[in-house]
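These protein sequences, in sequence, are chains A and B. Quick note on our numbering: the first sequence kicks off at 123 and runs consecutively. Quick note on our numbering: the second sequence kicks off at 123 and runs consecutively.
There are 2 protein chains.
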Amino acid sequence: MPGDPNRPIQSNISRNKLHMRHIKPGATIGILGGGQLGRMLAMAAARLGLQCHVFTPEPDACALQVVPRRTVASFSDKAALRRFASDCDVITYEFENVPAETAALLASRKPLFPDPRVLKTTQDRLIEKNFLQALGIATAPFAPVETAAELNQEIDSMGLPAILKTRRFGYDGKGQALIRNRKDVAPAWQRLGGRPCLLEGFVKFEREISVIVARGRDGKAICFDVTENKHRHHILQMSLVPARIPQQIDAKARRIAFRIANAFDYVGVLAVEMFVVRNARGRTLLVNEIAPRVHNSGHWTIDGASASQFEQHIRAVAGWPLSKPIRHGTIRMENLIGLEPDTSSKRLAAPGTALHLYGKVAARPGRKMGHVTTIVRVAR
Amino acid sequence: MPGDPNRPIQSNISRNKLHMRHIKPGATIGILGGGQLGRMLAMAAARLGLQCHVFTPEPDACALQVVPRRTVASFSDKAALRRFASDCDVITYEFENVPAETAALLASRKPLFPDPRVLKTTQDRLIEKNFLQALGIATAPFAPVETAAELNQEIDSMGLPAILKTRRFGYDGKGQALIRNRKDVAPAWQRLGGRPCLLEGFVKFEREISVIVARGRDGKAICFDVTENKHRHHILQMSLVPARIPQQIDAKARRIAFRIANAFDYVGVLAVEMFVVRNARGRTLLVNEIAPRVHNSGHWTIDGASASQFEQHIRAVAGWPLSKPIRHGTIRMENLIGLEPDTSSKRLAAPGTALHLYGKVAARPGRKMGHVTTIVRVAR
């Protein structure tokens, strides 16, 4: 455990980058990943006069529709990665599961933000939880499990319900199994076991919230107003801003996000998902997950604030000053999931409503097709 | 003169289009012209899940940086125009000087909005002025002049100062000469004569304002809040919203914009520039110019309202319902003209400030490189 949890733990790596020159308008930002996050990053970059080159293995990736240059290749295609790097002035990513070798190759050729070492922590739930614990940040109880016997042992000591999660490659509820009672243990292990897992105590939360924090190359960090989130089947359905939480919980949530960003010596946008838990002594916060990227719960910032999470991320990786966003009112963001959007609906014409569609070719159950942001009440 | 100035004057042409089906998400909008207006139209289309194909003669046109498909060819290249049309579901334009033959060829193959007949009116200052007069809308005094003798005659009757303008191809002060006294007459005629011209009486205005109105295929029209504009050397420097005008002048300005849009049976976004003139009997409005397109004085809508002029235009040409925009406060928009933008400036970090750079390769005197929008006061 470091003596001061606010002390950057990777100061050696990024000391040089802090002093690196910012890129100029007209420069090219490389984006690894071609989903809607990459798409909205590229659109934010375009507003600022920056160009983007998207690298994705998917030929019909929706981010390709908004950029002039593209590489469609595997993340293990070293020649393609080298060509991509040579075309970019700085590189970033839209998803946290960038393979370590891909990140290392790119980082050896061009500045890569956020620093790939962040991925090492956030790609593995156990390392992430240990990292949080070392910073003195509360989480749900957790224990690594590698065998069925270990799973049963940990259940004995932790109790039920609990959640079995694979340590790696989980998002939107993928790689998770809820264990309510002893009958659920064997099927859960059958489904997820064989890979290193983590058992987490089930948290009965009052609310789910998230903090989107942006941190520049100069170490200055700014967070958006705390967001309240509602999930269904582990997929974000709705965000509401500001979160309906007491002022001291709001302040604590921001402090936690800043502490994490500082500890990583982070450059870019980072999302921290938290549970608000109410017990006999009042309310407390548990960190659920860190996403080292722009985040679905920050989509409201495009229409609900004077600068979006995407713009903040681009400014940070470009070495430009961050914006101080002003929120436009009480904001609601709803995801459009798994359906062909109805563009003739009355909702489109509702005052203060903004529709975003991601240009995805086919609607599939659970697939995020777009989102709708509504300014519920104008700022006072 | 039509009996009812609100009656569409081109009802025959667009009757069919009114009932045409709206395009679907994923469809392609063709944009003629590759400047910043086309760029921002394409970015607005992308938010809505629509793709754009830009047609421009300029290989380094800045709109090409944000679209996946492009045609770089002359507007008289019929084969290129046909290929372009076949790739698009609907076509629009970002500038009013689209050649009539280009528009006719495209309109014969795909829906083209706004209707090219609008261009016939707005490409010629004399036809435009006559059109406004026929609608009962006041303008500065004007008279066509084709010879030096006619020019002198008209000056005799109109008085000085006056402005000599070419009838066609004028924007940002191009094709204009101010005639303050008799000494200015010969140089003005030498510079502009030989082409059909218009002499306009010089208007001493209190303010310049503009109204940006959007009109859908169903004939529903919505305008943004009236904008106050400041020009320098005929180029827009600054817009302020709301305009500092009395309520009845504000209402009158909107009525004028609606009347013009209805008379054209217009589909898309239209800008009407007006002078607020103060005389002994109070304030009155004179229409200076109609721009049948998105307009620089509407750039504030991107960050200052819940839907931008670009989105309204795209919704209109797509056959989608228009948005009812909410303004986020008192808004100031400043153009960045002729200079390399300074991205390290303090202005970038100012609260509520949004920077837009157009990705233009070279800064030249008078060239619009970007704009900055500031939310001066938050809406109450």
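A virtual CB, placed ideally from N, CA and C, is assigned to each residue, including glycine.
Counting only unbroken stretches of 3 or more residues, the beta strand (DSSP E) elements lying wholly within the segment 407-495 of chain A are 451-459 and 475-479, in sequence order. Burial is judged here by how many other beta carbons sit within 10 angstroms of a residue's own beta carbon; Ala373 of chain A has fewer than 16 and is exposed. Judged by DSSP secondary structure, Phe380 of chain A falls within the alpha helix (DSSP H) whose first and last residues are Gln369 to Phe386. In the three-state reduction of the DSSP assignment, Thr150 of chain A falls in the strand class, which pools E and B.
For Lys200 of chain A, the enclosing alpha helix (DSSP H) begins and ends at Lys200 to Asp209.
Take Arg302 of chain A, set aside five residues on each side of it, and the residues of its chain with a beta-carbon closer than 6 angstroms to its own are Pro283, in chain order. Taking Pro463 of chain B as the centre and dropping the five residues before and after it, the same chain places the C-beta of Leu477, Leu479, Met491 and Gly492 closer than 8 angstroms to its C-beta, in chain order. Between Gly160 of chain B and Ser279 of chain B, the alpha-carbon positions lie close to 42 angstroms from each other. DSSP, read as helix, strand or coil, puts Arg304 of chain B in helix. Residue state for Ser279 of chain A is assigned as helix, using DSSP reduced to three classes.
If you draw a straight line from the Cα of Ile436 of chain B to the Cα of Gly390 of chain B, it is about 7 angstroms long. Of the residues assessed, Ala183 of chain B falls on the buried side of the cut-off, its CB having 16 or more other CB atoms within 10 angstroms.
Residues of the segment 407-441 of chain B that bring their beta carbon within less than 7 angstroms of a beta carbon in chain A comprise Asp425, Ser428 and Ala429, in sequence order. Between Val212 of chain B and the set B:Thr150, B:Pro414 and B:Arg415, the nearest pair of CA atoms involves B:Thr150. Contiguous alpha helix (DSSP H) elements confined to the segment 192-275 of chain B occur at 200-209, 222-229, 238-244 and 247-256, taking only those with 4 or more residues.
Distances from the alpha-carbon of Leu257 of chain A to those of A:Gln173, A:Gly315, A:Leu408 and A:Arg415 put A:Leu408 closest. Closest by C-alpha distance to Pro447 of chain A, out of A:Thr423, A:Ile459 and A:Ile371, is A:Thr423. With 16 or more neighbouring CB atoms inside 10 Å of its own CB, Gln187 of chain B falls in the buried class. Counting only residues of its own chain and dropping the five nearest sequence neighbours on each side, Asn418 of chain B has a CB closer than 6 angstroms to the CB of Leu358.
The continuous alpha helix (DSSP H) containing Arg169 of chain A extends over residues Gln158 to Arg169. In summary, no residue of the segment 244-277 of chain A has a CB separated from any CB of chain B by less than 7 angstroms. Under the 7 angstroms criterion on CB atoms, Lys446 of chain B is classed as interfacial with respect to chain A. Taking CB atoms only, Gln187 of chain B has a neighbour in chain A less than 7 angstroms away. Annotation: Val325 of chain B has no Cβ neighbours in chain A at a cutoff of 9 angstroms; minimum Cβ distance is about 36 angstroms.
With respect to Ala375 of chain A, Met360 of chain A sits apart: the two C-beta atoms are not nearer than 7 angstroms.
Ile497 of chain A and Gly451 of chain A do touch by the CB rule: their CB atoms are close to 5 angstroms apart, below 8 angstroms.
Going by DSSP, Gln187 of chain A is part of no beta strand (DSSP E) at all; its letter is neither H nor E.
DSSP places Arg329 of chain B in the strand class (E or B) of the three-state scheme.
Within the same chain, and ignoring the five residues on either side of Asp246 of chain B in sequence, the residues whose Cβ sits closer than 7 angstroms to its Cβ are Arg289 and Arg290. Comparing alpha-carbon positions, the option among A:Glu218, A:Pro147 and A:Val398 lying closest to Gln369 of chain A turns out to be A:Val398. In this structure, the CA atom of Glu328 of chain B is about 6 angstroms from the CA atom of Arg400 of chain B. Neighbours of Met396 of chain A across chain B, judged by C-beta separation under 8 angstroms, do not exist; the nearest C-beta is about 26 angstroms away. Arg143 of chain A sits in coil when the DSSP states are folded into three classes, being neither helix nor strand. Taking the CA atoms as reference points, Ile259 of chain B sits about 37 angstroms from Ala168 of chain B. Scanning its chain for C-beta atoms nearer than 7 angstroms, with the 5 sequence neighbours on each side dropped, one finds around Ser196 of chain B the residues Pro179, in chain order. Under the DSSP assignment, His356 of chain B falls outside any beta strand (DSSP E); it carries neither an H nor an E label.
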